[in-house]
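Undergrad: Mind having a look at this structure? Questions to follow.
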Amino acid sequence: MAIGHPVNMSYEAEVLKALDGIGARPGDIVRMEGGRKGAEGVLMPRHEFTSKDIIVVKLKNGYNIGLRLERDSKLVLMKKGIGLPERSVPKVGMSKELPAVKLIGTGGTIASYVDYKTGAVHPALKADELVASAPELADICNIDSEVLYSILSEDMTVEYWQNIAEHAFEALKGGAAGVVIAHGTDTMAFTAAAVSFMLPGLNAPVVLTGSQRSSDRPSSDARANLLSAARLAAYGDLGEVAILMHSGSSDDSAIVHRGTRARKMHSTRRDAFRTMGGEPIGTVGEDGISLTGEHRGRGTTCPELKKDMDDAVGLVYAYPGMHEKVLGASMDGMRGIVIAGTGLGHLPSKLLPSIEKFINGGGHAVMTTQCLGGAVNLSVYSNGRALARAGVIEGTDMLPEVAWVKLMWVLGQKVSGEKVGGLMASNLAGEMSERRVLD
Amino acid sequence: MNGPRIGLEIHQQLAAGKLFCRCPSELHERVRGEFVRHLSPTLSELGDVDKAARLESEKGMSFRYQDTESSCLVEADEEPPHRPDEDAIDLALTVALMLGAEPVDEIEFMRKIVLDGSNTTGFQRTALIARGGEILVGGERVRISAVCLEEDAARRVESGGCGATFRLDRLGIPLVEVATEPDIGAPDMARDAALAIGRLLRDTGKARRGIGSVREDINISVPGGARVEIKGVQELGMISSYISGEIGRQERLIGIARVLAERVASAPSGEAADITHLLKGTGSKMVSGAIAKGGKALAIRLPGFAGALGIQKDGGKGLGTELAQRARTVGVKGLMHSDELPGYGITDDEKSAIEKELRCGPTDAFLFLVADGEKGKAAIARVTERAAEALKGVPEETRDPAPDGGSTYSRPLPGGARMYPETDVPPILVTEERLKRLRENLPKSAAVRKKELKERYPGIDEQRISIAVDEREDGLIGEILERICACGAPDPKTASVVFSAVLYTPESKALSKEELTSIFTGLAEGSFSKEAVPAVIAHYAANPGATLASALGAIGAGSVSSGEMEKIISEVVAENKDLISARGEGALAPLMGEVMKRLRGRADGKLVSEALKREMKKLV
Ligand SMILES: [Zn+2]
């Protein structure tokens with residue numbers, strides 16, 4: 550991910566010593582003298598993979614080149630850099646007549662800036678910067694933006710989800726027509742599921758969106774996604790948490806996925822997200838919003854905020870010959886475990902005693918299928934029946950990671966032990982379905 | 033230096049895999065699918081967006097891209113770039129070494145912002161490989177400033193009002209760019225320098241051939257002028273005329289600026305005036321038509337510009353054309369100015385009315401255009417900007433070459449601000465071992481290769497080998513010569529004829545040893561003449577599995593009887609008595625052509641020529 554690049558851009562030992570010797574810092578103009586290899590230019594920070602005796606300078610023609618610091622090369626500091634001026638963010642004026650939309654920034658590549666001098670990419674840290682990345686937002690709605698975090702989505706935790714849900718809740722309570730959450734795509738589906746469970750009785754759209762090409766590139770999908778998400782939040786007849794991303798490779802149409810049904814199914818494509826086990830909610834294109842799939846419309850009553858979660862829940866992926874230690878470590882000290890089982894919901898038979906022990910000790914185990922399509926059924930094969938007898942809860946057709954988020958939420962609601970199974974088997978936020986049809 | 037300063041950038045496609053993915057560098061006509069994208073300028077840390085980049089994106093374009101068999105997720109900007117193609121890096125370094133340039137120690141790929149849609153990413157990946165070096169052009173030294181390796185842009189297949197369609201097959205083909213210092217002083221020398229660099233690039237044996245495989249950018253400035261880049265010249269033969277044209281243009285603009293300075297001309301200021309009411313009943317169909325469609329006529333006064341807009345003393349175009357080309361960038365197709373009025377259906381009275389409305393003095397000029405509201409205002413803003421530049425002389429800009437040898441405005445000259453590091457591509461250390469290996473295997477020059485081929489295949493006509501080396505790949509030449517020799521050519525002359533014919537037949541590589549042997553046997557047995565060889569080879573190439581008999585049947589060849597030959601010759605001579613009596617021996621060549629045409633290559637040219645000469649003598 551582009552944001553990761555500028556972290557370590559300082560030079561190593563030998564080169565650093567030489568640079569320190571003349572008091573040069575990245576951004577200063579330096580000259581290397583020594584035969585035909587001489588060059589004058591702006592000293593650049595190094596790339597993580599720059600070789601250790603190389604100095605990178607930006608020539609007048611804009612090109613960076615790497616030059617080896619040799620014993621006889623002479624380094625001269627020509628001019629101290631002028632330093633980076635304060636970044637000026639154009640203020641985007643909002644119209645009070647348009648529907649109010651809350652825009653929550655959490656990080657990821659949807660709003661980032663490139664330092665043309667160094668190529669370093671910085672995330673948007675201020676609310677204004679978020680809006681400035683797509684000034685056309687002001688034509689769609691009256692945006693109130695707030696940057697909660699600037700983190701990579703793989704670093705999200707339960708507390709972050711809770712904070713996001715709370716801000717969405719407050720915004721809706723305050724009369725916002727909808728909420729847009731700018732989020733890194735890696736774990737966007739996890740956050741969407743968490744917020745879905747935390748806001749029961751949701752009355753308006755809460756739309757998560759992001760970008761697969763960071764916004765420091767002219768071809769970024771960030772702008773199109775942000776604008777479509779704002780449109781959906783302001784005008785969509787939707788009372789659910791949704792994920793909005795490109796529906797194909799083109800910039801002109803976005804697709805709306807249910808927050809508890811979406812999955813990132815490609816590491817790089819713009820249309821990476823898919824609705825699993827059902828139809829997407831709809832599309833947002835140049836010709837407007839079209840919600841043709843089954844969905845909950847807007848409501849008049851306020852949602853509840855039930856944000857408590859118990860994060861002592863593990864998630865494991867079953868595989869042939871799975872070692873007892875792997876499963877054991879995932880359950881040790883935990884109150885719940887979700888297994889992405891093989892096929893109808895199976896684990897190697899030898900692991901049954903460990904599961905029994907965990908459940909007997911008060912733990913909750915939920916079985917899902919790593920097939921990602923279709924439901925779990927623990928009645929068909931003996932291995933499954935043994936798991937059911939041991940008290941493993943059938944996760945029906947919930948996605949493994951959604952079942953994991955849900956179990957944390959159910960346990961967070963402090964219900965009695967025997968009610969956990971019932972809640973896990975109930976459809977709370979569109980995360981499961983009773984019938985599966987041919988398509 | 034007192035003359036013009038000219039620099040060249042030669043871009044040559046390399047016959048290697050694509051630079052940042054493992055797709056083949058091949059063009060395709062079959063389109064697998066399409067997608068649509070928009071590009072927007074990115075905000076930089078410094079808050080400034082490159083001027084050229086901003087202008088491009090202001091056009092609000094949407095771009096359609098066509099996916100082909102030689103494009104993958106990388107070209108579609110749906111996957112990060114892979115490691116650069118090693119062959120392409122070797123080739124760029126090789127070119128650098130051949131030019132005597134100094135390679136960098138570590139190659140750093142950059143992103144050069146390009147928002148015209150030709151790159152799906154919105155930038156072109158490019159790296160500086162080496163600096164310095166030189167090439168001799170007619171005994172004069174032209175210094176090389178840089179050798180770069182970059183990815184080619186997507187192929188523009190269609191341009192429309194607010195968008196364009198590009199095909200992804202060409203995107204990512206490696207290009208080596210050789211840039212010279214502005215050491216060239218004359219148009220012809222620029223052409224010769226381009227030829228010399230092109231020859232050196234072809235000496236690598238890995239230069240792609242065909243339309244668009246070589247493109248030149250020409251940088252020109254005259255003393256007192258400014259750097260202007262004519263971008264994407266594909267025809268080498270046109271270089272001189274583009275340069276002469278640009279020198280003339282810059283000198284004219286400098287002259288105009290001098291006159292304007294004397295008149296204390298100032299840039300047009302204030303808003304444009306709406307003069308639609310003055311042109312209500314105009315006889316100009318163009319103007320009345322545009323007004324009828326709801327357009328507004330907007331006019332501005334150009335203080336002190338009288339005479340600067342129309343044709344100048346040297347017969348060249350004045351500022352009017354420059355202003356019109358700026359208006360065109362926002363989609364306004366034309367404008368009218370006072371230097372060309374009355375005319376184009378605008379009467380003297382209408383001209384006076386406009387002058388009165390705008391309060392024009394005797395040295396003032398005016399212009400107007402007809403367009404709908406926003407577009408018209410945008411065009412006036414561009415035109416005003418250009419008029420202000422005219423006071424200073426020549427503005428720096430990028431221009432597109434026109435087929436007539438002239439050029440048209442394209443966009444401002446891009447600045448260094450549009451380059452930033454491509455962090456997705458790790459830097460590449462240029463090792464001593466790599467340079468040593470490349471130095472030891474530097475390609476031989478064309479002259480050396482010609483000499484070697486001549487020594488190796490003494491039977492083949494020297495002239496033919498020479499031309500072949502200039503025009504075709506070495507590998508192909510060697511392969512054909514090897515096979516011809518292996519098939520036992522009956523005599524050197526026949527071998528030479530067959531060599532050329534095979535070399536210039538498309539898909540000639542497909543010709544098998546058996547097919548070649550059949551040609552030689554057929555010639556030796558006299559079943560057809562040497563003149564029919566190209567047709568036979570073309571038939572073989574197009575019809576796999578064809579036999580000599582079927583080939584001869586299909587092309588209607590096969591030796592003609594001497595009786596039939598004599599008959600045709602006497603017919604032709606009889607029909608052309610006048611020509612023969614007028615030109616005597618000189619009529620041989622045209623008559624020879626006519627006879628051979630009627631014989632359709634079925635007879636030996638030498639025999640025909642002798643028989644024809646005899647027949648003509650009878651007449652004289
Ligand atoms: Zn590819």
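Just so you know, the sequences run in chain order A and V. To convert, count from 1 in the first sequence and add 549; that's our numbering. To convert, count from 1 in the second sequence and add 32; that's our numbering. Here a beta-carbon is modelled for each residue, glycine too, at the ideal position from N, C-alpha and C. Predicted model, so just to flag it, every value in this text is computed and none were measured.
#1: Answer with buried or exposed for V:Q357, where buried requires no fewer than 16 other C-beta atoms within 10 angstroms of its C-beta.
#2: Kindly indicate the opening and closing residues of the alpha helix (DSSP H) around A:G615.
#3: Have a look at V:D224 and V:R37 and give me their C-alpha separation to the nearest angstrom.
#4: List the residues of chain A whose Cβ lies closer than 7 angstroms to the Cβ of V:G154, in chain order.
#5: Output, in sequence order along the chain, the residues in the stretch 266-283 of chain V whose CB is closer than 8 angstroms to any CB in chain A.
#6: Applying the 10 Å Cβ sphere with the 16-neighbour rule, what's the burial state of A:Y612?
#7: With DSSP collapsed to three states, give me the class of A:G933.
#8: Hey, could you find the ends of the beta strand (DSSP E) V:R69 is sitting in?
#9: Tell me whether the beta-carbon of A:S702 lies closer than 8 angstroms to the beta-carbon of A:D735.
#10: Any contact of the stretch 756-775 of chain A with the stretch 790-804 of chain A, i.e. 3+ C-beta pairs under 8 angstroms?
#11: Looking at the strands, I want to know which residues DSSP matches up with V:S253.
#12: Report the neighbours of A:G654 on chain V: residues whose CB is nearer than 8 angstroms to its CB, in chain order.
#13: Show which residues of chain A have a CB atom less than 8 angstroms away from the CB atom of V:E389.
#14: May I ask you to list, following chain order, the residues of the stretch 106-127 of chain V that have a beta carbon less than 8 angstroms from some beta carbon of chain A?
#15: Exposed or buried, which one is V:G393 when buried takes at least 16 other CB atoms within 10 Å?
#16: Determine the direct distance from the alpha carbon of V:G425 to that of V:L445, and round the result to whole angstroms.
#17: Taking just the CA atoms, how far does A:T809 sit from A:A741?
#18: Taking contact to mean at least 3 C-beta pairs separated by less than 8 angstroms, is the stretch 426-435 of chain V in contact with the stretch 573-592 of chain A?
#19: Taking 7 angstroms as the cut-off, does the CB of V:E107 come closer than this to any heavy atom belonging to ligand 1?
#20: Under 8 angstroms between C-beta atoms, does A:G797 make it to chain V?
#21: For A:L674, is the beta carbon positioned less than 7 angstroms from some heavy atom of ligand 2?
#22: Along the beta strand (DSSP E) that carries V:R443, what are the first and last residues, could you check?
#23: Closest to V:D119 by CA distance: which of V:G49, V:Q156, V:G164 and V:E563 is it?
#24: Can you find a CB in chain V that lies within less than 8 angstroms of the CB of A:N774?
#25: With contact counted as at least three CB pairs below 8 angstroms, one residue from each stretch, are the stretch 819-826 of chain A and the stretch 796-803 of chain A in contact?
#26: In the DSSP output, what is V:M142 paired with across the bridge?
#27: Going by the CB atoms, is the gap between V:I600 and V:R630 shorter than 8 angstroms?
#28: If contacts are defined as beta-carbon pairs under 8 angstroms, then A:E619 and A:G583 qualify, I think. What distance do you get, rounded to the angstrom?
#29: Curious, which full-length alpha helix (DSSP H) runs of at least 4 residues does the stretch 190-246 of chain V contain?
#30: Taking only runs that begin and end inside the stretch 285-330 of chain V, name each unbroken alpha helix (DSSP H) of 4 or more residues, in chain order.
#31: From V:H369 to V:I286, what does the alpha carbon distance come to, in whole angstroms?
#32: Using 7 angstroms as the cut-off, classify the Cβ of V:C55 as near or not near the heavy atoms of ligand 1, replying yes or no.
#33: With DSSP as the reference, please indicate the residues paired to A:I571 in a beta bridge.
#34: Please report the distance separating the alpha-carbon of V:I328 from that of V:I307.
#35: Less than 8 angstroms between the CB atoms is what I'm expecting for V:R418 and V:R333, so what's the real figure, rounded?
#36: Hey, out of A:G654, A:M814, A:G831 and A:T655, whose CA is closest to A:S802's CA?
TA: On the basis of the coordinates in this document:
#1: Looking up residue 357 of chain V in the second sequence gives position 325. By the Cβ-count criterion, V:Q357 is buried, with 16 or more other Cβ atoms from all chains shown falling within 10 Å of its own Cβ.
#2: Reading the first sequence from its first residue, position 66 is the one you call residue 615 of chain A. Careful: A:G615 lies outside any alpha helix (DSSP H), inside the beta strand (DSSP E) at N613 to R617.
#3: Along the second sequence, read from residue 1 onward, the residue named residue 224 of chain V stands at position 192. Along the second sequence, read from residue 1 onward, the residue named residue 37 of chain V stands at position 5. One C-alpha to the other measures close to 15 angstroms.
#4: To locate residue 154 of chain V, count along the second sequence from 1; it is residue 122. Under the 7 angstroms cutoff, chain A gives R766, P767 and S768.
#5: With the criterion set as a beta carbon lying under 8 angstroms from some beta carbon of chain A, the stretch 266-283 of chain V has no members that meet it.
#6: Your numbering for residue 612 of chain A matches position 63 in the first sequence. Under this definition A:Y612 is a buried residue.
#7: Translated into the one-based positions of the first sequence, residue 933 of chain A becomes position 384. Note: A:G933 maps to helix in three-state DSSP.
#8: On the second sequence, position 37 is the one that residue 69 of chain V refers to. G65 to H70 is the extent of the beta strand (DSSP E) around V:R69.
#9: Position 153 of the first sequence, counted from the start, is the residue given in the question as residue 702 of chain A. Position 186 of the first sequence, counted from the start, is the residue given in the question as residue 735 of chain A. With a cutoff of 8 angstroms on beta-carbon distance, A:S702 and A:D735 are scored as near each other.
#10: Because the criterion of three Cβ pairs below 8 angstroms is met, the stretch 756-775 of chain A and the stretch 790-804 of chain A touch.
#11: Indexing the second sequence from 1 puts residue 253 of chain V at position 221. Bridge partners of V:S253: V:R37.
#12: Within the first sequence, the letter at position 105 stands for residue 654 of chain A. Per Cβ cutoff of 8 angstroms: no residues; A:G654 is ~15 angstroms from chain V at best.
#13: The count along the second sequence starts at 1 and reaches residue 389 of chain V at position 357. Under the 8 angstroms cutoff, chain A gives no residues; its nearest Cβ is about 37 angstroms from V:E389.
#14: Listed by position along the chain: A108, D109, E110, E111 and P112.
#15: Here residue 393 of chain V is taken as the residue at index 361 of the second sequence, counted from 1. Residue environment for V:G393: exposed (fewer than 16 other C-beta atoms within 10 angstroms of its C-beta).
#16: Position 413 of the second sequence, counting from 1, holds the residue named residue 445 of chain V. Position 393 of the second sequence, counting from 1, holds the residue named residue 425 of chain V. Roughly 16 angstroms separates the two Cα atoms.
#17: Within the first sequence, numbered from 1, the residue matching residue 741 of chain A stands at position 192. Within the first sequence, numbered from 1, the residue matching residue 809 of chain A stands at position 260. Cα-Cα distance, rounded: 7 angstroms.
#18: The answer is no - the stretch 573-592 of chain A does not touch the stretch 426-435 of chain V, with fewer than three Cβ pairs under 8 angstroms.
#19: Along the second sequence, read from residue 1 onward, the residue named residue 107 of chain V stands at position 75. Result yes, Cβ under 7 angstroms from ligand 1.
#20: Here residue 797 of chain A refers to the residue found at position 248 when the first sequence is read from its first residue. For A:G797, the answer is yes, since a Cβ of chain V falls inside 8 angstroms of its Cβ.
#21: Ligand 2 is not part of this structure, which contains only ligand 1.
#22: By 1-based counting over the second sequence, the position of residue 443 of chain V is 411. Element bounds for V:R443: S439 to P444.
#23: As a first step, residue 119 of chain V is located in the second sequence; it is residue number 87 there, counting from the start. For V:D119, the closest C-alpha among the options V:G49, V:Q156, V:G164 and V:E563 is that of V:G49.
#24: Numbered from its first residue, the first sequence carries residue 774 of chain A at position 225. Chain V, which has no Cβ nearer than 8 angstroms to the Cβ of A:N774, makes this no.
#25: Touching, yes.
#26: Residue 142 of chain V sits at position 110 when you count from the first residue of the second sequence. Beta-bridge pairing by DSSP links V:M142 to V:T158 and V:P453.
#27: As a working note, residue 630 of chain V is residue 598 in the second sequence. As a working note, residue 600 of chain V is residue 568 in the second sequence. A contact, by the Cβ cut-off of 8 angstroms.
#28: For the purposes of this step, residue 619 of chain A is taken as residue 70 along the first sequence, with counting starting at 1. For the purposes of this step, residue 583 of chain A is taken as residue 34 along the first sequence, with counting starting at 1. By a beta-carbon distance limit of 8 angstroms, A:E619 contacts A:G583. Their separation comes to about 7 angstroms.
#29: The qualifying runs are 219-234.
#30: With a minimum length of 4 residues, the continuous alpha helix (DSSP H) runs that stay inside the stretch 285-330 of chain V are 317-324.
#31: Numbered from its first residue, the second sequence carries residue 369 of chain V at position 337. Numbered from its first residue, the second sequence carries residue 286 of chain V at position 254. Rounded to whole angstroms, the gap between the alpha carbons of V:H369 and V:I286 is 20 angstroms.
#32: What you label residue 55 of chain V is simply residue 23 of the second sequence in a count that begins at 1. The answer is yes for V:C55.
#33: As a working mapping, residue 571 of chain A is identified with position 22 in the first sequence. Its beta-bridge partners do not exist; DSSP assigns none.
#34: If you number the second sequence from 1, residue 328 of chain V lands on position 296. If you number the second sequence from 1, residue 307 of chain V lands on position 275. Note on identity: in this sequence residue 328 of chain V is Lys, with Ile being the wrong assignment. Answer to the nearest angstrom: the Cα atoms are 8 angstroms apart.
#35: Here residue 418 of chain V corresponds to residue number 386 of the second sequence, with the count starting at 1. Here residue 333 of chain V corresponds to residue number 301 of the second sequence, with the count starting at 1. Not really, about 15 angstroms apart at Cβ, beyond 8 angstroms.
#36: On the first sequence, position 253 is the one that residue 802 of chain A refers to. That would be A:G831, whose Cα lies nearest to the Cα of A:S802.
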